[in-house]
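What follows is one structure encoded as structure tokens, with my remarks underneath.
There are 2 protein chains.
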Amino acid sequence: MTGSLTVTETDEERDATQLILQDIQSGVYAPGTWLKQIDLEIRYGRGRNEIRRALDRLALKRVVEHVPNRGYHVYLSDGKQWDDIAEIRIMLETGIAGKVIARATSMDVSVLRELADRFQGLLHSGTVLELYEANLAFHRAYVDLAGNAELHSVIAELRQRTSSAPVSQWHTRSRIEVSAAEHHQMVNAIEQKDEPWLKTLIEQHIRQK
Amino acid sequence: MTGSLTVTETDEERDATQLILQDIQSGVYAPGTWLKQIDLEIRYGRGRNEIRRALDRLALKRVVEHVPNRGYHVYLSDGKQWDDIAEIRIMLETGIAGKVIARATSMDVSVLRELADRFQGLLHSGTVLELYEANLAFHRAYVDLAGNAELHSVIAELRQRTSSAPVSQWHTRSRIEVSAAEHHQMVNAIEQKDEPWLKTLIEQHIRQK
DNA sequence: GTTGACAAAATTGGTACCAATCCTATTTAC
DNA sequence: GTAAATAGGATTGGTACCAATTTTGTCAAC
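Chain order of the listed sequences is X and R. If you read the first sequence in my numbering, its first letter stands for residue 1, the second for the next number, and so on. If you read the second sequence in my numbering, its first letter stands for residue 210, the second for the next number, and so on.
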């Protein structure tokens, strides 16, 4: 089943790693699928070398799994892994709550609110990937308020590990609606500098999704 | 300056990534040093391909930095980065304190104590690398008690980011002695199930080093 | 003596080829 | 009819080669 559909011109210069990752996150490659080098080579119009490097990186990120002389296949995440990562994210995102509240200016709050609005706006019109990225942007903006440059990349990595199948995460529309509402509540909590409330919200938000 | 010294036979089968990482951590390659592919090829007796993959991985881990058409050089860590990573580690390692105390059996405690002893024992006779690894083993055992498989790798990654020059971390012997003492105090805190004390100890321990 | 241009050497990074390995389909024996 | 064996095809992964780029060394001009 050698796919022959080539991607759009705008992706021409982007890194193959991100393109493959995006396709995995969009559900193009289902968990367990074997990623044949030739197929990827054709699909993304890259050399064998770049494809191999991309696969190696994704294997390091635990997005795909490498079996010697067999190839790479999309990782099948078990329930335990999801729980473990959720727990870590809760520790980190609640851990910075105090710092975020202390540092957030009124302008920061309106930026956050805007991002929360954008997520909510995509609820009806947006694709799964757009929703995923809007959600990512909101959390990223929140984390950035802590002023910890390293934390940013740590959480990004964590998210990538579970996001193998974001489609399966948000099954129902009602769940996404809850998420959107929680985003706004988080913004309010930051605005009112209510740290305990913010922490509770974050824990709920990460666990349920 | 093409080095020609080959490593021992036992390292023959190990991954080049870890060998290079170890040499960086041991201080063989000082921060800022350019890692030429040919040199590494000879030193570790590997093909060009494996060396490139290893460098790419280390670049991803932020241990080295990649400059297109120039090569890879050992990363120069600034003070801010160290503080940021220390903060993350504190959030995570104190965050699991309650779980560790709840789950730790008396056998787990004695294992920890043994590791703390080993670190202390190496204080006089051990090399910097041995000390580094003994310290790593202790913290790894502590983290494992939380039963979070993902956390293990997250913290390992974090440690690697700053450990570019572990030699410079432990300047004086007195500091290492303090670390050894704190390890034992942590074990005691776990044994007595004193969570606040354990958290305080961890924060002190990570910050000072 | 210093600065700038130019040539030579060295290094990186991509492409192509080929061996080793694994999967699949057909054939053969029972 | 079923199961094992074998041949064929496909895929991975390593090695070697070569082009593009950069750095170093040399020479000339000011």
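The beta carbon of each residue, even a glycine, is placed where N, CA and C say it ideally should be.
request  = Select from the stretch 291-304 of chain R all residues with a C-beta closer than 8 Å to any C-beta belonging to chain X, and list them in chain order.
outcome  = D293, I294, E296, I297, M300, L301, G304
message = When you compare the CB of T6 (chain X) with every CB in chain R, is at least one pair closer than 8 Å?
response = Note that T6 (chain X) scores 46 on pLDDT, short of 50, meaning its location in the model is unreliable and no value can be drawn from it.
ask   = Starting from G47 (chain X) and walking both ways along the beta strand (DSSP E), at which residues does that stretch end?
value = First-last for G47 (chain X): undefined, no H or E at that position.
ask   = Roughly how many whole angstroms lie between the Cα atoms of E50 (chain X) and Q18 (chain X)?
value = Approximately 12 Å, taken between the alpha carbons.
request  = Measuring alpha carbon to alpha carbon, tell me which of X:L122, X:E114, X:Q22 ends up nearest I176 (chain X).
outcome  = X:L122
inquiry  = Here's the rule: buried if 16 or more other CB atoms are within 10 angstroms of the residue's CB, otherwise exposed. What is G95 (chain X)?
reply    = buried
key: Beta carbon of G98 (chain X) nearer than 8 Å to that of E195 (chain X)   = yes
key: Those residues which DSSP pairs with H66 (chain X) across a bridge   = X:Y72
query = Can you tell me where the alpha helix (DSSP H) with N357 (chain R) in it begins and where it stops?
reply = Looking at the DSSP string, N357 (chain R) is not in any alpha helix (DSSP H), and its letter there is neither H nor E.
ask   = From this set, X:E93, X:V67, X:H139, X:G79, which residue's C-alpha is nearest E203 (chain X)'s C-alpha?
value = The shortest C-alpha to C-alpha distance from E203 (chain X) to any of X:E93, X:V67, X:H139, X:G79 is the one to X:E93.
query = Alpha carbon to alpha carbon, what distance is there between D293 (chain R) and N397 (chain R)?
reply = 28 Å
query = Is L249 (chain R) near the ligand GTP, with its Cβ less than 7 Å from a heavy atom?
reply = Looking for the ligand GTP in the displayed structure turns up nothing, as the structure carries no ligands at all.
key: Nearest residue (CA-CA) to I247 (chain R), options R:R257, R:E359, R:Q417, R:P240   = R:R257
query = With burial defined as no fewer than 16 other Cβ atoms inside 10 Å of the residue's Cβ, what is the status of I190 (chain X): buried or exposed?
reply = Counting the other Cβ atoms within 10 Å of the Cβ of I190 (chain X) gives 16 or more, which makes it buried.
ask   = Which residues of chain X have a Cβ atom closer than 8 Å to the Cβ of R262 (chain R), listed in chain order?
value = Around R262 (chain R), the beta-carbon contacts reaching into chain X at under 8 Å are R53, D56.
message = Is the beta carbon of L151 (chain X) closer than 8 Å to that of I415 (chain R)?
response = The answer is no: Cβ separation not under 8 Å.
message = Rounding to the nearest angstrom, what Cα-Cα distance links V216 (chain R) and Y253 (chain R) in this structure?
response = Any reading at V216 (chain R) must be qualified, since the residue scores a pLDDT of 47, below 50, and its modelled position is unreliable; the value itself is stated next. Going from the Cα of V216 (chain R) to the Cα of Y253 (chain R) covers about 6 Å.
query = Listed in chain order, which residues of the stretch 68-83 of chain X have Cβ atoms closer than 8 Å to some Cβ of chain R?
reply = Hits within the stretch, in order: K80, Q81.
key: CA nearest to the CA of G356 (chain R), picked from R:T314, R:A263, R:L230   = R:T314
request  = Give a yes or no on whether the minimum CB-CB distance between E195 (chain X) and chain R is below 8 Å.
outcome  = no
task = Look at the alpha carbon of Q329 (chain R) and the alpha carbon of R62 (chain X), and state the distance between them as a whole number of angstroms.
result = 35 Å
request  = Could you tell me the distance, in whole angstroms, from the CA atom of K193 (chain X) to the CA atom of L201 (chain X)?
outcome  = 13 Å
ask   = By Cβ distance below 6 Å, which residues in the same chain neighbour L40 (chain X) in space, the five residues on each side in sequence not counted?
value = I51
query = If contact means a Cβ-Cβ distance below 7 Å, which residues of the stretch 131-157 of chain X contact chain R?
reply = N148, A149, E150, L151, V154
key: Neighbour-count burial assignment, S388 (chain R), 16 or more Cβ in a 10 Å radius   = So S388 (chain R) counts as buried.
task = Name the residue from X:R103, X:Q185, X:V64, X:M91 whose alpha carbon lies nearest to the alpha carbon of A30 (chain X).
result = X:V64
query = Nearest CA to the CA of L136 (chain X): which residue from X:S125, X:A149, X:A116, X:H124?
reply = X:A116
Sequence ranges, beta strand (DSSP E) only - wholly within the stretch 298-370 of chain R, length at least 3 = none
C-beta atoms of T162 (chain X) and W82 (chain X) nearer than 8 Å = yes
query = Out of R:Y341, R:S334, R:Y351, which has the shortest C-alpha to C-alpha gap to V320 (chain R)?
reply = R:Y351
request  = Return the CA-CA distance between P277 (chain R) and R255 (chain R), expressed in angstroms with no decimal places.
outcome  = 22 Å
inquiry  = I want to verify the contact list: residues of chain X whose CB lies under 8 Å from the CB of L228 (chain R), in sequence order.
reply    = Neighbours of L228 (chain R) on chain X: none; closest Cβ ~17 Å, over 8 Å.
ask   = For Q234 (chain R), does the count of other Cβ atoms within 10 angstroms reach 16, so buried, or fall short, so exposed?
value = buried
inquiry  = Within 10 Å of its beta-carbon, does V283 (chain R) have 16 or more other beta-carbons around it, so buried, or fewer, so exposed?
reply    = buried
ask   = Smallest Cα separation from V100 (chain X): which of X:K36, X:Q185, X:I42, X:D144?
value = X:D144
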